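Residue numbers (my numbering): 157 to 647.
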């Protein structure tokens with residue numbers, strides 16, 4: 157395990173895959189669903205960043221809920237640990253097995269069917285292995301809109317999105333992944349199937365069980381199907397790239413935008429000049445939307461499901477008037493409104509390529525935090541000072557979903573510093589950032605989850621009462637600790 161991980165590996169079940177179990181698993185999923193050669197397993201045991209590498213006795217790829225249940229029952233009978241995995245695009249190691257893992261990785265990629273679209277009822281029933289972008293496109297073909305949107309949408313899978321309660325750029329208006337779900341089907345750690353696949357907006361019959369599994373990162377069960385909410389497809393959209401005075405101005409712009417847009421603000425993304433420049437350096441085909449002498453930018457998008465009427469002011473005209481007012485107020489220094497789909501896509505490509513660009517840039521540290529929206533400027537100021545006090549030459553590139561209080565407080569190593577040297581500063585920087593965010597009643601993980609990377613941080617910052625409740629739930633559903641062991645909680 158690299159030094160970047162927690163201080164020590166947790167105790168996890170180490171029952172091996174016997175020859176008989178391997179034969180049984182093959183019989184369940186077939187040869188095409190069973191991978192045991194080292195080369196074939198490699199993409200499934202390595203995290204997206206290339207920082208964490210684990211082990212697995214085999215990778216099992218079921219093609220149906222029945223096959224998932226049969227695999228889990230078999231593993232439960234023999235005490236074999238399971239790491240559920242979707243698109244393997246997470247940033248906290250939640251879908252990566254530990255080096256001591258001797259069990260299986262259970263990949264849901266073959267379960268990729270859209271089972272039903274109810275355009276009248278605005279719902280879509282899907283299997284967990286559906287790629288997010290394909291679901292967005294399917295909804296669009298039915299004149300509907302699935303608002304979950306994030307940089308990895310071309311490869312992440314909806315089951316993983318729900319298991320991590322993914323956020324993304326539309327949370328401001330539509331909420332996190334859990335807010336987009338009406339029902340779930342889940343295979344429990346003993347192999348039983350809970351069928352909660354109901355398309356009901358109201359169901360007040362006791363505990364709302366689906367919320368146990370969203371955000372649990374596969375530690376309580378495996379999401380196999382979901383009923384998703386849909387919205388009317390946007391018909392009038394305007395995207396703008398703003399050079400702004402500072403983060404405080406960003407909040408004031410957003411506050412005014414809600415009424416000026418008639419409550420049609422879809423996204424509001426804060427970008428530092430350093431982040432933009434990094435993307436332009438490493439991502440081919442990106443173009444600087446606006447050259448301005450400021451360290452801060454805002455990507456602002458308004459959208460309406462109402463088609464523009466002849467003679468009536470559309471979203472773009474309202475945006476233009478709004479930006480003129482903000483220029484007069486001194487909050488906006490310069491701005492450009494996308495005139496074509498390509499210009500809009502370029503703006504979004506810059507925002508969504510930051511993670512990929514940072515990986516190409518070199519060693520770095522990133523903190524996915526949230527704080528009350530009104531305190532974001534204060535956190536940025538205090539946080540940058542705290543980190544620079546530890547390592548003055550570090551290169552910050554903060555950005556984030558300012559409309560929902562989620563900041564990606566990220567840094568690149570000083571020029572010429574390697575990962576090993578940067579790691580020597582990591583603990584002190586992590587403690588400074590997380591102490592500050594906790595003192596401001598914020599969260600040390602806004603949307604990326606806990607996984608492996610924040611295992612120690614969760615145990616440090618959450619109260620004993622909260623941790624005890626979580627452990628009680630985990631032990632009740634998974635007493636043998638076979639479901640994604642060593643993630644989220646140390647038992």
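Where a beta carbon is used, it is the ideal one built from N, C-alpha and C, also for glycine. If you're wondering where the values come from, they're calculated on a predicted model, not measured in any experiment.
- Note on geometry: alpha-carbon atoms of residue 376 and residue 644 lie some 11 Å from one another.
- With fewer than 16 other beta carbons inside 10 angstroms of its own, residue 548 counts as exposed.
- Beta-bridge partners assigned by DSSP to residue 283: 381.
- For residue 321, there is no enclosing beta strand (DSSP E), as DSSP gives it neither H nor E.
- Annotation: residue 454 to residue 250 spans about 31 Å, alpha carbon to alpha carbon.
- Across the set 179, 330, 316, 521, the C-alpha of 330 shows the shortest separation from the C-alpha of residue 423.
- Every beta strand (DSSP E) stretch that sits fully inside the region 456-541 and reaches 3 residues is listed by chain position as 488-493, 520-526.
- In this structure the region 403-413 does not lie against the region 358-375, because fewer than three pairs of beta carbons, one per stretch, are closer than 8 Å.
- In its own chain, leaving out the 5 sequence neighbours on each side, no residue places its CB closer than 8 Å to the CB of residue 501.
- Within the model, the alpha-carbon separation for residue 495 versus residue 481 is close to 20 Å.
- Put simply, the backbone Cα of residue 393 is about 7 Å away from that of residue 472.
- Residues 341 of the same chain have their beta carbon placed closer than 8 Å to that of residue 351, with the five preceding and five following residues left out of the count.
- Within 10 angstroms of the beta-carbon of residue 167 lie fewer than 16 other beta-carbons, which makes it exposed.
- Taking the Cα of residue 429 as reference, the smallest distance to any Cα among 452, 419, 169 is reached at 452.
- The straight-line gap separating the alpha-carbon atoms of residue 264 and residue 623 is approximately 29 Å.
- Within the same chain, 201, 252, 253, 254, 255, 257 come within 7 Å of residue 210 by CB-CB distance, once the 5 residues on both sides are set aside.
- Here residue 425 carries a strand assignment [DSSP, helix/strand/coil].
- Residue state for residue 626 is assigned as helix, using DSSP reduced to three classes.
- Non-local C-beta neighbours of residue 355 in its own chain, meaning closer than 8 Å and more than five positions away in sequence, comprise 274, 277, 279, 281, 338, 339, 383, ordered along the chain.
- A straight-line Cα-Cα distance of about 11 Å links residue 164 and residue 609.
- For the pair residue 459 and residue 479, the Cα-to-Cα distance works out to about 16 Å.
- Within the same chain, Cβ atoms closer than 6 Å to the Cβ of residue 395 are found at 457, 494, 500, 503, the five residues on either side in sequence being excluded.
- For residue 416, the enclosing alpha helix (DSSP H) starts and ends at 403-416.
- Selection 173, 353, 561, 380 evaluated against residue 406 yields 561 as nearest (Cα-Cα).
- For residue 562, the enclosing beta strand (DSSP E) has its first and last residue at 562-568.
- Looking only at 234, 227, 179, 181, the smallest Cα-Cα distance to residue 170 is reached by 234.
- In this structure, DSSP gives residue 240 an extended state, which the three-state scheme calls strand.
- About 6 Å separates the beta carbon of residue 317 from that of residue 304, a gap short enough to meet the 8 Å contact definition.
- One Cα belongs to residue 580, the other to residue 426, and the distance between them is close to 30 Å.
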